[in-house]
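Some notes on the structure that comes next.
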Amino acid sequence: MPETFKVALTRDFRADDGSIGWGDIGIDALEREPGVEWEYLEVDETPLSPGALAGYDGVMVLGNALDAASLEGADRLKVVARFGVGYDTIDVDACTRAGIPVTTTPDGTRGPMALAAVTLLLAVAHNVRQKDRIVRERRDWSERYAYNGVGLPGKTLGIIGFGNIGREVARLLAPLGMHVLAYDPYLDAGRAADAGAELVGIDELMANADAVVVTAALTPETRHIVDARRIDLMKPDALLVNVARGPLVDQAALADALTRGRIRGAGLDVLEKEPADDDDPILDCDNVLLSPHATGWTEQLAYGNGSGCVRSLLEVARGQRPSYLVINPAAFDHERWQGVPEAPGADA
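Structure representation (structure tokens):
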């Protein structure tokens, strides 16, 4: 009798009542698949401790980190399915050495996270936070005259990281007639132009954009890609939005610039440390709109990310290589994958 393919969901998926806290993430497809079972990991910890993944063939990971030690005892583990596009909390090199492909879910995040960026940009441009406080704190309505917004139509938009989410941001804002500048070292000018953007160097982008949106992946090379020097290149009325990863922006430098009025405002869905320390100066800036890494969380994002993970898990359970999107294809060089066919959607 074939051995059961066992899937673990990291404990942070679990609501207090035992249900999946994200609602419908397509997990029913796992439940319908013969020979597949799933359960939550027993402990919510980060990084996952040695032995935590022992006995599992696949794992769906939300926020818990996974390092080399996490793989100790995980001899059966064949796939790590990341719920989202960021994988900076996963030791990809260790997974590659162990022959474990790491998959992500770009289709699930593209639309919701692009809309999150647009939401923050519009809210900051129109000083929504400050105007809400005038009403909520029963302040004199004459104060509203101090918070006129800045119009975006016809202005210049800069996007750092012109991948799936960055291109979708450009598409969503196209009706405003903004001139789009893009910085992405992995993209050529022709592909950027096809998506309605002019490919430029990052310093040129920072100096000329009226609004900068950060959608890049976090790597050792991109950490603090928006640093004090580049913030000082920005226009005095410029806006900065980050929906990618907090460490892409030097948060101390940004807080200083906001406090000095060096730039007009910012919208941050992500912070350099999450949650922020109580004494973090960014919390005292009146001209920044903050969110706990959740602006893009919608039922569409949950189902899109979840179903993408389930797809990868089921492909492996059926004796196939996961098809999309594998971060570390070198994992397939491991002997365990020799002779294993690609899934039908491998070219998707």
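For the sequence shown, the residue numbers in this note's numbering are 201 to 548.
From the three backbone atoms N, C-alpha and C, an ideal C-beta is built for every residue, glycine too.
A quick note: this is a predicted structure, and the numbers were derived from the prediction, not measured.
Helix, strand or coil at residue i according to DSSP, with G and I counted as helix
| i | result |
| --- | --- |
| Ala-208 | strand |
| Thr-309 | helix |
| Glu-343 | helix |
| Ala-323 | helix |
| Glu-368 | helix |
| Gly-390 | helix |
| Val-400 | coil |
| Val-516 | helix |
| Trp-328 | Here residue 328 is Val; the residue named in the question, Trp, does not match the sequence. The answer is helix: DSSP assigns Val-328 an H, G or I state. |
| Glu-231 | helix |
| Val-243 | coil |
| Val-350 | coil |
| Tyr-173 | Nothing about residue 173 can be reported from this structure: the residues present for the chain run from 201 to 548 only. |
| Asp-384 | coil |
| Glu-535 | helix |
| Arg-338 | coil |
| Ala-395 | coil |
| Gly-504 | helix |
| Ala-374 | helix |
| Ala-444 | coil |
| Leu-248 | coil |
Cβ-based burial, residue i [other Cβ within 10 Å; buried from 16]
| i | result |
| --- | --- |
| Ala-374 | exposed |
| Thr-419 | exposed |
| Gly-401 | exposed |
| Thr-204 | exposed |
| Asn-442 | buried |
| Leu-483 | exposed |
| Ser-342 | exposed |
| Lys-355 | buried |
| Ala-517 | buried |
| Gln-538 | exposed |
| Glu-472 | buried |
| Arg-464 | buried |
| Ala-346 | exposed |
| Ala-466 | buried |
| Gly-492 | According to the sequence provided, residue 492 is Pro. The question's Gly does not apply to it. Looking at its Cβ environment, which holds fewer than 16 other Cβ atoms inside 10 Å, Pro-492 is exposed. |
| Pro-436 | exposed |
| Asn-348 | exposed |
| Gly-366 | buried |
| Pro-522 | buried |
| Glu-368 | buried |
| Arg-282 | buried |
| Glu-242 | exposed |
| Asp-228 | exposed |
| Asp-478 | exposed |
| Arg-536 | exposed |
| Tyr-256 | buried |
| Glu-231 | exposed |
| Gly-251 | exposed |
| Ala-382 | buried |
Beta carbon of residue i nearer than 7 angstroms to that of residue j
| i | j | result |
| --- | --- | --- |
| Val-292 | Gly-358 | no |
| Val-285 | Thr-309 | yes |
| Thr-305 | Gly-496 | no |
| Leu-209 | Tyr-240 | yes |
| Thr-296 | Ala-530 | yes |
| Pro-312 | Leu-501 | yes |
| Met-406 | Arg-429 | no |
| Leu-458 | Val-426 | no |
| Glu-474 | Gly-223 | no |
| Val-414 | Gly-396 | no |
| Val-470 | Arg-445 | yes |
| Ser-270 | Pro-247 | yes |
| Gly-461 | Gly-226 | no |
| Ala-254 | Ala-268 | no |
| Asp-410 | Ala-438 | yes |
| Ile-360 | Ala-316 | no |
| Leu-372 | Ala-314 | yes |
| Leu-376 | Pro-353 | yes |
| Gly-266 | Ile-290 | Checking the displayed sequence, the identity of residue 266 turns out to be Leu instead of Gly. For Leu-266 and Ile-290, yes; Cβs fall inside 7 angstroms. |
| Arg-424 | Asp-450 | The amino acid occupying residue 424 in the given sequence is His; Arg does not appear at that position. Yes. Within cutoff. |
| Gly-504 | Asp-307 | yes |
Strand pairing of residue i, partner residues [DSSP]
| i | result |
| --- | --- |
| Thr-356 | His-379 |
| Val-236 | Phe-205 |
| Arg-214 | Ile-220 |
| Arg-521 | Glu-542 |
| Val-510 | Answer is none; Val-510 lacks a bridge partner. |
| Val-526 | Thr-303 |
| Val-449 | Val-426 |
task = Mind listing, in chain order, the continuous alpha helix (DSSP H) runs of no fewer than 4 residues lying wholly within the stretch 259-307?
result = 292-297
key: Length-filtered (3 minimum) beta strand (DSSP E) runs lying within the stretch 461-497   = 465-468, 488-490
ask   = In chain order, which continuous runs of the alpha helix (DSSP H) of length 4 or greater are located wholly inside the stretch 403-442?
value = 428-431
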